[in-house]
Amino acid sequence: MSHSRWKTLRERKLAEGFTEAEDVAEARHEIRMSMALAKAVYDRRIELGLTQSELAERSGLSQAKVSRIEGSDTVPTLPLLAKLAKALDATLNIALDDDDTQVTFTAHRTDAA
């Protein structure tokens, strides 16, 4: 089934009063949070012009671990997030709300002498 067909079917079911099971809704929320982090890491890495291998070296992680983070395949620990923020020369900002998750990296300022 194509994505557009699945989306239309889901929207029709929701319009008819169908509700997702609580565990399905929770899993969908967790996936969205993981994807928000993955996108933020990827965007900042690309902004810096780094490869996954270069980011891995800067952060003390393996390239495979960086790939899993960017692929939303893992849930990083707080110490790992700190390593990523340092390696990406940025502050990690995470805003969690019921229906919205925002993850961004704010670049550190460099003093121009």
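Here the working numbering runs 45 ahead of the position in the sequence shown, where the first position is 1.
Virtual Cβ for every residue (Gly too), placed ideally from N, Cα, C.
Requested in this report: Return yes when at least one heavy atom of the ligand HEM lies under 7 Å from the C-beta of phenylalanine 150, else no.
Outcome: As for the ligand HEM, it is missing from this structure, which has no ligand bound.
Query raised in the report: For alanine 158, is the classification buried or exposed, using 16 other Cβ atoms within 10 angstroms of its Cβ as the cut-off for buried?
Result: In this predicted model, alanine 158 has a pLDDT of only 46, less than 50, meaning its place in the structure is not dependable enough to derive any value.
Query raised in the report: Hey, arginine 160 and phenylalanine 150: beta-carbon distance below 8 Å or not?
Result: Residue 160 is absent from the model: the chain starts at 46 and stops at 158.
Requested in this report: For alanine 140, name the three-state secondary structure that DSSP assigns.
Outcome: strand
**Report entry** For valine 148, the first and last residue of its enclosing beta strand (DSSP E)
**Finding:** 146 to 152
Query raised in the report: Can you tell me whether alanine 132 is buried or exposed, with buried defined as 16 or more other CB within 10 angstroms of its CB?
Result: buried
Requested in this report: Kindly indicate which three-state DSSP category alanine 66 falls into: helix, strand or coil?
Outcome: coil
Report task. State buried or exposed for valine 120, treating a residue as buried only when at least 16 other CB atoms are found within 10 Å of its CB. Result -> exposed
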